[in-house]
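Undergrad:
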Ligand code: SAM
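In this note's numbering, the protein residues as written are 402 to 735.
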């Protein structure tokens, strides 16, 4: 089929070529690309990296239509972790052998620059680890202060690279400002993570082609791709969720376009399909993020329902035949 060889040889395709591929790819070609994605991942990285995920707050000023912790979400029991709780979670994680901590949360004004800088600084003082932040859109100045305090990486999915769909999903937010944040983070020297959900309402192949092309142009160090999960008490509760197969296809194509990207087998995939994580890891993903949020609050960080939360991930991965890599796991050549 047209463009398969080109993609494998050049790791690049135009928007039109990606679109052609999305509309015409068959099972055999998909398997060829999956094998190539797995080969590429192994060329640059040894094993599966683990990141300890700490969900620091489910307060959020944003009102994303898909998200279970959106501002106007009813019946959400709100919590935030204080510095001591976060440090305790880090200590547990360190003792488990984890060497990257991901602090993720809603856009919660409590986590001002001052508060967050102090937390990042205190973690760095205690442990030789990488810190990833994922607390949404902030100013250039704020990202700069956090970088200076010791943050190494930042996850901010672009969610969708289609303007119209972005507007439908995010009232009072803009795709332009999301992209500005990603470019600011790159400029400041963070390892940056973008990414998108798969199976959103009105997400055509044209939209997917835009997402993949945007990723190629941004050239982020990390890419998070997971299925959209229709969630109760959100405006999208009655829509169809995304599928595992389509998500896997996007992971494969992203690995082909960005051979060195760090890519998680997302919790959303593991939530939809008990084999979802393994399928992603055989298709070019190379990161898993065990949840190390204190038990008491974990059940309240419910961005979607039945969220998978397995803490014995290392054992499960090894049982499935994957080698687990306990290093910090920076981007290749970083
Ligand atoms: N506030 C931060 C941000 O905006 O990047 C991080 C927290 S946000 C809850 C983390 C990610 O959860 C989002 O980037 C989004 O892609 C994902 N998410 C939220 N609701 C979801 C849903 N219903 N299904 C799948 N993923 C979802």
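Here a beta-carbon is modelled for each residue, glycine too, at the ideal position from N, C-alpha and C.
Computed from a predicted model, the values in this text were never measured in an experiment.
Report the residue ranges of all alpha helix (DSSP H) runs contained in full by the segment 657–700; include only those spanning at least 4 residues, in chain order.
TA: Runs of the alpha helix (DSSP H) inside the segment 657–700: 668–673, 677–682, 696–699.
Undergrad: Please confirm whether any heavy atom of ligand 1 lies closer than 6 Å to the CB of residue 669.
TA: Taking 6 Å as the cut-off, one finds at least one heavy atom of ligand 1 near enough to the beta carbon of residue 669.
Undergrad: Around the C-beta of residue 724, are 16 or more other C-beta atoms found within 10 angstroms, so that it is buried, or is it exposed?
TA: When all chains shown are included, residue 724 counts as exposed.
Undergrad: Have a look at 641, 640, 677, 638 and flag the residue whose alpha-carbon is nearest the alpha-carbon of residue 650.
TA: 677
Undergrad: If the criterion is Cβ atoms closer than 7 Å, does the pair residue 652 and residue 681 meet it?
TA: yes
Undergrad: Here's a check: name, in chain order, each residue in its chain whose Cβ is nearer than 8 Å to the Cβ of residue 516, leaving out the five neighbours to either side.
TA: Counting only Cβ-Cβ distances below 8 Å, and skipping sequence neighbours, we find 484.
Undergrad: Starting from residue 397, trace the beta strand (DSSP E) in both directions and tell me its first and last residue.
TA: What the structure shows of the chain is the stretch from 402 to 735, and residue 397 is not part of that stretch, so it cannot be assessed.
Undergrad: Starting from residue 614, follow its DSSP beta bridges and name the residues at the other end.
TA: Per DSSP, residue 614 has no beta bridge partner at all.
Undergrad: Is residue 468 near ligand 1 - that is, is its Cβ less than 6 Å away from at least one heavy atom of it?
TA: yes
Undergrad: Under three-state DSSP, which class holds residue 555?
TA: strand
Undergrad: At which residues does the alpha helix (DSSP H) containing residue 422 begin and terminate?
TA: 416–425
Undergrad: Please confirm whether residue 632 and residue 716 have their CB atoms less than 7 Å apart.
TA: The answer is no: Cβ separation not under 7 Å.
Undergrad: Could you check what DSSP says for residue 503 in three-state terms: helix, strand or coil?
TA: strand
Undergrad: From residue 604 to residue 449, what does the alpha carbon distance come to, in whole angstroms?
TA: 30 Å
Undergrad: Three Cβ pairs or more, each shorter than 8 Å: is that satisfied between the segment 537–550 and the segment 576–587?
TA: yes
Undergrad: Assign residue 730 to buried or exposed, taking buried as 16 or more other Cβ atoms, counted over all protein chains shown, within 10 Å of its Cβ.
TA: buried
Undergrad: Measuring alpha carbon to alpha carbon, tell me which residue in 495, 465, 457 is nearest residue 474.
TA: The option with the nearest alpha carbon to residue 474 is 465.
Undergrad: Which value, in whole angstroms, describes the spacing of the CA atoms of residue 619 and residue 611?
TA: If you take the alpha carbons of residue 619 and residue 611, they lie about 12 Å apart.
Undergrad: Compute the beta-carbon to beta-carbon distance between residue 628 and residue 669, rounded to the nearest angstrom, for a pair I have assumed lies under 8 Å.
TA: 5 Å
Undergrad: Can you pull the DSSP bridge partners for residue 598?
TA: Residue pairing of residue 598 in beta bridges, as defined by DSSP: 627.
Undergrad: Identify the continuous beta strand (DSSP E) that holds residue 533 and give its terminal residues.
TA: 531–535
Undergrad: Looking at C-alpha atoms only, which residue of 615, 692, 671, 648 is the closest neighbour of residue 413?
TA: 615
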